[in-house]
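Worksheet: one structure, shown below.
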Amino acid sequence: MPVSRKPTGPRGQKRLSKGRVVLLSIASLIVLTLIGVVIVVGIAAAGTPKWNPSDLDNQKQTSYVYDKDNVQIAQLHGAENRQIVQASGIPDLVKKTFVAVEDKRFYEHFGVDPIRIIGSALNDIRSGSAKEGASTISIQLARNAFIDDPTAKTLTRKIQEAILAIQLEHEYTKDEILTFYLNKIFLGESSFGIQAAATTYFGKDLKDLKPDEVALLAGLPQAPSQYNPYLHPEAAKNRRTIVLGVMRDAGLISSQEYDQDKDAAFTYVDTMKKTLGGAQKPTSTDTNYKYPYFVDYVVEELETTFNLKPEQIYNGGLRIYTTVNSKIQSAAEAAFADPANFPKGIDNIKIQGAMTVIEPSTGAIQAMVGGRDYTTRGLNRAWQSKRQPGSTIKPLVVYGPAIEKGGYFPGTVLDDMPVSYNQGTGKAWTPTDFDTIDRGWKGLITMRYALEDSVNVYAVKLLNLIGVDYGWTFGKNNLGLPLEQRDRVLSLALGTPLVSTLDMATAYGVYANNGVSVSTHAIVKVLDAKGTTVITPKIEKNRVMKETTAYIINNLLRSVVTDGTAVSAQIGDWAIAGKTGTTSLDPSKYGNKSGNPDAWFAGYTPNYAGIVWMGYDSDPDGQHYLHNVYGGSFPAQVWRKVMTVALQDLPVQSTFVEPSGIVTGSFDMKSGLLPSSLTPDKFIGTEIAAKGDLPTRTSDVWIQENVDADQPNILASSRSRSTLTKTFLNLPSRDPSLTWPSDEAPYRPPNGTVSDSDSDPISGPDLTNQSPISTPPTTTPPASNPPVSTPPITTPSQVDPTLPSPTLGQVAYNAKTFKAVIPMTIPLENKGDSTIFYLQRTGQTAVESFPIEASNSTTTSITISLADRGKPPVPGEYVFWAAFKNRNGLGVGPSSGSVKLTITD
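As numbered in the working numbering, residues 12 to 916 make up the sequence shown, in order.
Structure below.
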């Protein structure tokens, strides 16, 4: 029987080699895979970001702003709104809920959860996609803290995250890792960390959250935008319900709490939407806060005064305590939000405004509104807009300096009549009052009256008396006004410098604080993220004027509110001092248009000083300016509304405290001196003054003259049948061509005496016995059609080139009566215009001038006596000329050609 044997040779060897090849191939594949994994892991590990534990602590944190009562009013943050909270400040419910939802094996794994990885892989295989995540809390923290691009989904990045997570577990406890994670995680709406999210979505502190609120936060990490209750409220509720179920299953809440909370409303979110006028969600920029204009100024103060960089302000976790009074600030913002408090514009461009309120005793800014529409870090008109203040500057650079300098008091009298000044430009400057055309000149008035009625000419004359340099220095150095060298001119008295409401509040606050200047500031202190005080402003207090000066100005400005241009600012029995102001349109741009670019009101009580400005930001087309808006109208009304709220619940102060050194005395209201025996009772007043500043000289402005009893408007003469003695104002320097104010007109001296002859055969005005109206120091008369001389200060009239010249005829002279008769021709269009007639006597440089009433004829004759104190005229040459006077009384036309008369022995 044959014996069976294994095949030998090539065929058998081939079968054996095939099996080995399969085994070897599998082994090789495994080895190569392992080598590849090692290489990939090695490469990934080599590229893993350097381990730096400080990255966990170096987190951008939101800064907080608080009002004067330590109530939070704003959060300042950049792209990341973060508020760090310590482990002890995180409620257990928050910790356990996040662990249950995000990483339920958190306390069991070593940073990487192999079981979760396998489960995730199997789920991905079943679903056919890689959707299931296996990130632990440690991995998520590593991703957010150390990875440059945490959104990139690559194998290398996942390996790096795992390596870093293991390192985290090695360096920190589980509780520390969880605390880092909860402070680092992004939860939507620029909110990083659970404390910031609690504020964003619920407006409350983390420790005060209810279970349904915790559930919403714990559901956000998976998809912060998709589950944002501001954007997607329904999706947010569905996600919250799922998380509440996880909490219930984990035993964190009861089934009853689950049923109760799953339908809870997003109350805070809904309120925020309504507050923002129907916006879907609150803005995620750094302007999601109350009082934006004030907060912007706080940021400015941090940057410019304390040299903080934006990174420190917005990401430093600062606690910024400010001076803002929420009650006053809210009232100011409400006033600016109400269109009824502003005049209507001519189109859709709003008339803007600004307001600043300070507490003078501390220098603390109580409120600041920089406009009617807020733009993020945009124009804050309260301190950035520099505008001309008009008459509101008068107490700061004219009246205050005058009282401080001494020798002046509220009864100081100056003449409100035209005056011209040469300002070095080659042209005369003639200030006028806003109501001169309608009401005429006011004549001799007191300082108090000038302030009450905002008289410009008085202010200019007073500044000229005390010296422009003195007024300028007082305003700049004593009151802190930002005056420039170009402001060192007489027009400073009328408010030509550029200032803001903050500048003016600071200056007026010195008066309210009895002459003590206190540094104006918005910041009380600043703490860093650890609670250490890093900024405490240095508040300087300096007495910059006598206490009596401040009191007198307070007393004067009190009259402006009780009896002057600011009566609309009164609030009950409160002692309120104030000053109105408007600016004028530039005639070179606007011609004769009526209106003003700016309207101001500056007002204060012993407690607060507030300034309001209104106007357009600009006027590129010459149409955008204020019409019939004055400081005493809309600005004063806004001030009153805001300050009424500010003064609520405070004890009423009906007076400013009077210091020692104030005296009271009688004075003559037409001279500012002591009353004389001739001073009419109606012109004797009582006024306050600093000790030593009451007048000591007796008034010399009154004289007595005998007048004809039958014609009391002319002086008595030898032909008068009977006489009366009357009292008159003796004002030889006043231009007699001007109309006297109504209270002075009865005291104007007569022009002439009873005629020495029964009649005069020559028709027309007879100037025989009329006193000349002035004898100003002018030059020689014109040869033909010369301009009327208008020397600075002494002659007010300006040449009006729109008026024609009268024409004078040949002079006729009566040697028996010593009278000259000069015919005058008046153009038809000038019938009804009054005339000024001029005479220069032989050997005299002075010129006599006589007012001639209007004539209804085109021809007339002027009769004038050349007798010298009743004696024949001195032989020689006499020159005559004339000019028309314009109807507003502010100027005269060109002179006529002169005519001459030569008298021989």
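We put the CB at the ideal spot given by N, CA and C, even for glycine.
- Relative to the Cα of Ser909, the nearest Cα in the group Ser149, Val890, Pro757, Asp444 belongs to Val890.
- C-alpha of Leu538 to C-alpha of Gly328: approximately 9 Å in a straight line.
- The C-alpha of Ala826 lies about 10 Å from the C-alpha of Asp916.
- The Cβ-Cβ distance between Tyr824 and Leu912 falls below 8 Å.
- The C-beta of Ala176 has 16 or more other C-beta atoms within 10 Å across all chains shown, which makes the residue buried.
- Here the alpha carbons of Ser710 and Ala878 stand approximately 33 Å from one another.
- Comparing alpha carbon positions, the residue from Thr836, Trp751, Asp746 closest to Val858 is Asp746.
- If you compare the alpha carbons of Asp358, Gly902, Gly854, Met515 with that of Pro812, the shortest gap goes to Gly902.
- Per DSSP, the beta bridge partners of His532 are Ala375.
- Judged by DSSP in its simplified three-state form, Val254 adopts helix.
- Two segments are said to touch when three or more pairs of C-beta atoms, one from each, lie closer than 8 Å; by this definition the region 469-487 does not touch the region 271-284.
- When only Cα atoms are considered, Ile324 and Asp307 end up about 12 Å apart.
- For Gly676, there is no enclosing alpha helix (DSSP H); the enclosing beta strand (DSSP E) has its first and last residue at 673-679.
- Counting along the chain, the unbroken beta strand (DSSP E) around Pro834 starts and ends at 830-836.
- With contacts defined by Cβ atoms closer than 8 Å, Arg93 and Ala207 form a contacting pair.
- For Asn391, the closest of Pro429, Gly417, Val309, Leu455 by C-alpha to C-alpha distance is Val309.
- For Pro412, the number of other beta carbons within 10 angstroms of its own is at least 16, and it is reported as buried.
- DSSP places Glu558 in the uninterrupted alpha helix (DSSP H) bounded by 558-574.
- In the structure shown, the three-state DSSP call for Thr655 is helix.
- Two segments are said to touch when three or more pairs of C-beta atoms, one from each, lie closer than 8 Å; by this definition the region 515-530 touches the region 364-372.
- The three-state reading of DSSP puts Asn352 in helix, counting H, G and I together.
- By the Cβ neighbour-count rule, Asp480 is exposed, with fewer than 16 other Cβ atoms within 10 Å of its own.
- Residue environment for Tyr302: buried (at least 16 other C-beta atoms within 10 angstroms of its C-beta).
- For the pair Ile148 and Tyr192, the CB atoms are nearer than the 8 Å cut-off.
- Along the length of the region 451-514, whole beta strand (DSSP E) runs at least 3 residues long occupy 454-457, reported in chain order.
- No residue range can be given for Asn359, since it is assigned to no beta strand (DSSP E) and is classified by DSSP as neither H nor E.
- Per DSSP, reduced to three states, the secondary structure at Gly437 is coil, with no helix or strand assignment.
- In its chain, beyond the 5 residues on either side, Gly491, Thr531 have a beta carbon closer than 6 Å to the beta carbon of Thr517.
- Leaving aside the five residues that flank Pro493 on each side, the residues in its chain whose CB is nearer than 7 Å to its CB run, in chain order, Val510, Asp514.
- Pairing Phe667 with Asn717, the inter-Cα distance amounts to about 49 Å.
- Bounds of any beta strand (DSSP E) do not take in Lys115, whose DSSP letter is neither H nor E.
- One thing to note: Pro222 has its Cβ no nearer than 8 Å to the Cβ of Ile253.
- Under the 10 Å beta carbon count, Glu551 is surrounded by fewer than 16 other beta carbons and is classified as exposed.
- Going by C-alpha positions, Leu242 is about 19 Å away from Lys273.
- DSSP places Asp223 in no beta strand (DSSP E) but in the uninterrupted alpha helix (DSSP H) bounded by 222-230.
- Considering only Val96, Leu87, Val76, Asn81, the residue with the shortest C-alpha distance to Lys541 is Val96.
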